[in-house]
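With UniProt numbering applied, the sequence shown corresponds to residues 1 to 73, in that order. One structure is given below, encoded as structure tokens.
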Amino acid sequence: MDGDNVMILVDVVVDGDCSVPIPTRKGVTMLYQEISSQLLWPRHLVIPQDEKQQRKNEFIQADERAPSPIQTR
1 MDGDNVMILV DVVVDGDCSV PIPTRKGVTM LYQEISSQLL WPRHLVIPQD EKQQRKNEFI
61 QADERAPSPI QTR
């Protein structure tokens, strides 16, 4: 593992057409083929779990500050 890449575990694939940015030893190129596998992934494409939670919390707070729609009868 070098400084530009991190080891990830493929748990869930949202975009079935996503290709693997770093070819594997098996020559696999599509991410859906790598579920339950560990892969090297470009560091700049990884969102650490703690940062992901922070972004989620910021989104929730922003949503709470947004004006609610006016309801009419």
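Using N, Cα and C, we set each Cβ at its ideal position, and we do this for glycine too.
Thinking C-beta only, is residue j closer than 8 angstroms to residue i?
| i | j | result |
| --- | --- | --- |
| ILE8 | VAL46 | yes |
| LEU31 | VAL10 | yes |
By how many angstroms is the C-alpha of residue j removed from the C-alpha of residue i?
| i | j | result |
| --- | --- | --- |
| PRO42 | GLY3 | 9 angstroms |
| ASP15 | THR29 | 13 angstroms |
| ARG25 | GLN38 | 12 angstroms |
| HIS44 | LYS56 | 19 angstroms |
Can you have a look at residue i and say buried or exposed, based on whether 16 or more other CB atoms are within 10 angstroms of its CB?
| i | result |
| --- | --- |
| GLN54 | exposed |
| GLU34 | buried |
On a CA-only basis, which of the options is nearest residue i? Give me that one, please.
| i | options | result |
| --- | --- | --- |
| SER36 | GLU64, ALA62 and VAL13 | VAL13 |
| THR40 | ASP50, SER19 and ILE60 | Note that residue 40 corresponds to Leu in the displayed sequence, not to Thr. Here the closest residue by C-alpha is SER19. |
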